[in-house]
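Each residue of the sequence shown is one higher than the one before, counting from 1 in full-length UniProt numbering.
For every residue, glycine included, the Cβ atom is placed at its ideal position computed from N, Cα and C.
This structure is a prediction, so every number in the text was calculated from the model and none was measured.
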Amino acid sequence: MAAEPLRIDDAGDPRIAGFVSIRERDLTGRDGLFIAEGTVVLRMLGSAPARQNGFAAEAILLLESRVAGVAEVLASFPETVPVYVAAAPVFDAIAGFNMHRGVLALGRKPAQAAALLPSLPETSLVLAGCGLSNHDNVGSIFRNAAAFGADAVFLDETSCDPLYRKAIRVSVGSVLTVPFSRGLAAEAMLRGLAEAGYEIWGLSPRGAVPVGEIPAARRIALVLGTEGEGLPETILSSFRTARIPQRPGLDSLNVATASGIALYQIALTMGRVA
């Protein structure tokens, strides 16, 4: 059970410094912290899978009119997590803009990310992203990964941080529950997956076979490229490729949409969805 709410009447109160001007802080970083926004994401932050992945709440800030509606969610946090409450003018002054959702949490990233590959099950389905720079797309990809039972998401060093506030919100908190790794160069990331026994399939409108023809395997990695340019030729020429058949006239699908279609097809092939 979380602690009893503490009232904040001054946007300059040092106790809520981590919540101040969240848009600007999104750009400059928070030294191991991140912002979780909205009731659904708050619930995910307090869930067992998020705790297993090493995430924890540092503090919670609520609009006073939202306290009663999130009482059940607050019960999933320990008493050591302070809960602050503010009226709308103070809440908006803290955030730096009109925060109509009225639910924020300051979360802490895992102290040190453990190697992800060795922790995955023998039969695994994962996504690998190369150059995914749009936070909305990254959030949607995590949401798709959770929906279709992907075991992990791997992002290369040029992909954006999935713990950016907007990415977490668009993922409806799935960024906190789907294990992920970010930081390697694309070639090193894919080489590590291949060495771990993953069948690597690059998704491209020029793919050699339809996604429905990707055979079931013990371990499969679907590789996604950035909007517009897609996957670089060095990757497309190094691994097998698949496409999502579509009517002529449009060159490709949005990468998040493509990830959902491909994940569903492979999850069906692997017996992960009925």
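Out of Ala262, Phe239, Pro179, the CA that lies nearest to the CA of Gln52 is found in Pro179.
Straight-line spacing of the CA atoms in Ala147 and Ala194 works out to 25 Å. Here the alpha carbon of Ala56 sits roughly 43 Å from the alpha carbon of Gln246. Between the alpha carbons of Val67 and Val153 lies a gap of roughly 34 Å. The residue from Arg219, Gly192, Ala167, Ser252 with its alpha-carbon nearest to that of Arg206 is Ser252.
The beta carbon of Arg23 is closer than 7 Å to those of Gly96, Phe97 in its chain, skipping five residues each way along the sequence. For secondary structure counted as the alpha helix (DSSP H) over 4 or more consecutive residues, the UniProt domain "tRNA/rRNA methyltransferase SpoU type" (126-264) holds these complete runs in sequence order: 135-147, 165-170, 186-195, 233-236. With 16 or more other Cβ atoms from the protein chains shown falling within 10 Å of its own Cβ, Thr177 counts as buried.
Within the same chain, and ignoring the five residues on either side of Ala185 in sequence, the residues whose Cβ sits closer than 7 Å to its Cβ are Asp156, Glu157. With fewer than 16 other Cβ atoms inside 10 Å of its own Cβ, Asn254 counts as exposed.
Under the three-state reduction of DSSP, Glu64 is assigned to helix. Using a Cβ-Cβ distance cut-off of 8 Å, the segment 91-110 and the segment 121-138 are not in contact, since fewer than three pairs of beta carbons, one from each stretch, lie closer than that value.
Boundaries of the beta strand (DSSP E) around Arg108: 103-108.
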